[in-house]
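Line order of the protein sequences matches chains A and B. So the first sequence is residues 1 to 141, counted in my numbering. So the second sequence is residues 142 to 372, counted in my numbering. Ideal Cβ positions, reconstructed from N, Cα and C, are used throughout, including at glycine. Nothing here was measured: the structure is a model prediction, and the numbers come from that model. Let me begin by presenting the structure, written as structure tokens, before commenting on it.
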Amino acid sequence: MLAPKRVKYRKMQKGRVRGVESRGFEMAFGDFGLKSLDIGRVDARALEAARIALTRHIKRGGRVWIRVFPDKPVTKKPAETRMGKGKGSPEGWVAAVRPGRILFEMEGVDRATAREAMRLAAHKLPVKTIFVEREGAGLGA
Amino acid sequence: METAELVCDQRGVRSKGQARALRRAGDVPGILYGPARPAIALKVSSDELAAHLGAISHQRLIRLRSQAPELEGKYIIVKDVQHAPVSGAILHVDFYEVDLGKPVGVSVPLRFSGRAVGVGLGGILQPLEREIKVECLPLEIPEFIEVDVSALGIHDVIHVSELQFTSGVRPVFETDYPVVTVLPPTVEAAPAAAPAEVAAAPEAGAAEAPAAEAEGEPKGKEAAAPGGPKK
């Protein structure tokens, strides 16, 4: 699973995710992509599940890029614990996602395969998504 | 190369509110500038502009048609286009006025033709560049640069210096950068891991340990020096 190698502070304030993306909303590597339409937190496990769904569907051939990185730690208090006594312990890592963000990109497969692979991957994610493609994708070889 | 025509009109006030009103009305705010002229704010029809900004004809030569004398008959290329992050709608466009007698630097898309030998062996054709910068007269801007990839095997690379250009078109580059390559086939990891798990269970457990360690690394460091980050 994706996680930072080392961090300066192991716990972070929750914060709020607002607005739409101003960066990372254009296709940069592949021909086909999956774009988020929602605000949300995508955790490392969801990203990994989506990545596995993508690579399993395209089998051999094709290349996948993950355009988000879960660098925000989230904490959780143990079950049946009274409130107080400080912040809970780190539970995992999430990527804060805003509408417009490209989550995955793919190349080396035909449009139908890419669309189906992205559909399967989208089911693993907690945000609403849309299949996007580069202008002129599939031109030439 | 054929020249397209685009109808545009001058716009007066250059405010955020006016730009938004234009977009609601189905127009796109834009600007025209060039080496020897002050910038002029203009507007174009959204549908017409989208038709001109196809994948192939992004930086083709366009002749403006307008009732404003400052805009009528000017030859331009599209310098920049801003898109909405979610819908992808065109928000703003930059036009650059060109002198037909002077060479200009433009980005021309690459079109890959043929089926690479490496792709037949299971490799993946990986374009490293989608468009390249060339210098030529505005009337000689090619619609695309054709790259024949049929001879490419796995790990083979075509560099920019190996591309074929028509006369009058000169590529602009300092280092001879790669344009396209064929990557070796990717192997799915999951099926390879499954038999290993069955054959040697303790080994699988050992393989999991570093991953868990990597995840808990900050925790361990924190535990070693609890006073530091809390401040």
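DSSP three-state assignment for residue i, whether helix, strand or coil
| i | result |
| --- | --- |
| Gly-386/B | No information on residue 386/B is available, as it lies outside the stretch 142 to 372 that chain B covers here. |
| Thr-129/A | strand |
| Thr-75/A | strand |
| Arg-204/B | strand |
| Arg-111/A | helix |
| Arg-56/A | helix |
| Arg-178/B | strand |
| Lys-157/B | helix |
| Met-12/A | coil |
| Arg-23/A | coil |
| Ala-3/A | coil |
| Glu-143/A | Nothing about residue 143/A can be reported from this structure: the residues present for chain A run from 1 to 141 only. |
| Glu-80/A | coil |
| Ala-117/A | helix |
| Ala-122/A | helix |
| Arg-18/A | coil |
Limits of the unbroken beta strand (DSSP E) element including residue i
| i | result |
| --- | --- |
| Ile-66/A | 63 to 66 |
| Gln-151/B | 145 to 151 |
Sheet register partners of residue i (DSSP bridge)
| i | result |
| --- | --- |
| Gly-40/A | Val-97/A |
| Pro-90/A | Thr-75/A |
| Ala-162/B | Its beta-bridge partners do not exist; DSSP assigns none. |
| Gly-33/A | Glu-105/A, Val-132/A |
| Lys-184/B | Asp-150/B, Pro-170/B |
Whole-angstrom distance between residue j and residue i, CA atom to CA atom
| i | j | result |
| --- | --- | --- |
| Gly-255/B | Lys-274/B | 23 angstroms |
| Ser-322/B | Pro-78/A | Note on residue identity: the sequence assigns Thr, not Ser, to residue 322/B. Going by the C-alpha atoms only, they are around 51 angstroms apart. |
| Arg-23/A | Arg-101/A | 8 angstroms |
| Pro-250/B | Val-298/B | 18 angstroms |
| Ala-188/B | Leu-163/B | Here residue 188/B turns out to be Asp, not Ala, going by the sequence shown. One C-alpha to the other measures close to 13 angstroms. |
| Lys-360/B | Ser-36/A | Unreliable placement is indicated for Lys-360/B, whose pLDDT of 42 sits below 50; the coordinate value is still reported in the next sentence. Lys-360/B and Ser-36/A: Cα-Cα distance of roughly 31 angstroms. |
| Val-301/B | Tyr-318/B | 6 angstroms |
| Gly-294/B | Val-320/B | 14 angstroms |
| Arg-204/B | Val-239/B | 10 angstroms |
| Arg-45/A | Lys-14/A | 19 angstroms |
| Tyr-237/B | Gln-151/B | 15 angstroms |
| Leu-54/A | Ala-230/B | 28 angstroms |
| Val-7/A | Arg-41/A | 19 angstroms |
| Phe-253/B | Val-290/B | 6 angstroms |
| Ala-345/B | Phe-104/A | Any reading at Ala-345/B is ruled out, since the residue's pLDDT is 37, under 50, leaving its predicted position unreliable. |
| Tyr-174/B | Asp-235/B | 8 angstroms |
| Ser-89/A | Leu-269/B | 43 angstroms |
| Ile-161/A | Glu-211/B | Outside the displayed span of chain A (1 to 141) sits residue 161/A, for which this structure offers no information. |
| Gly-167/B | Ala-192/B | 14 angstroms |
| Val-288/B | Gly-259/B | 15 angstroms |
| Gly-61/A | Arg-16/A | 39 angstroms |
| Thr-307/B | Leu-280/B | 13 angstroms |
| Ile-58/A | Thr-113/A | 7 angstroms |
| Ala-209/B | Thr-144/B | 20 angstroms |
| Cys-277/B | Gly-171/B | 25 angstroms |
| Val-94/A | Leu-2/A | 9 angstroms |
| Arg-193/A | Gly-30/A | Shown here, chain A extends from 1 to 141; a query on residue 193/A therefore has no answer. |
| Met-12/A | Trp-65/A | 27 angstroms |
| Lys-5/A | Gly-92/A | 13 angstroms |
| Ala-96/A | Glu-135/A | 27 angstroms |
| Val-148/B | Leu-190/B | 9 angstroms |
| Gly-309/B | His-224/B | 33 angstroms |
| Val-169/B | Arg-155/B | 13 angstroms |
| Leu-304/B | Gly-242/B | 25 angstroms |
| Val-313/B | Gln-267/B | 22 angstroms |
| Arg-161/B | Val-185/B | 14 angstroms |
| Lys-85/A | Lys-76/A | 13 angstroms |
Boundaries of the alpha helix (DSSP H) in which residue i is found, first to last residue
| i | result |
| --- | --- |
| Ser-187/B | 187 to 193 |
| Glu-107/A | Counting along the chain, Glu-107/A falls outside any alpha helix (DSSP H), though it belongs to the beta strand (DSSP E) covering 102 to 107. |
Min CB distance residue i to chain E below 9 angstroms
| i | result |
| --- | --- |
| His-224/B | The chain inventory of the structure shown lacks chain E, comprising the protein chains A and B. |
Runs of alpha helix (DSSP H) lying entirely within the segment 255 to 286 of chain B, each at least 4 residues, in chain order:
258 to 261
Quick check for students: name the residue ranges of the beta strand (DSSP E) that lie wholly in the segment 288 to 330 of chain B, counting only runs of 3 or more.
298 to 300, 319 to 324
Scan the segment 214 to 258 of chain B and note each continuous beta strand (DSSP E) run of 3 residues or more that stays entirely inside, going in chain order.
216 to 224, 231 to 238, 245 to 254
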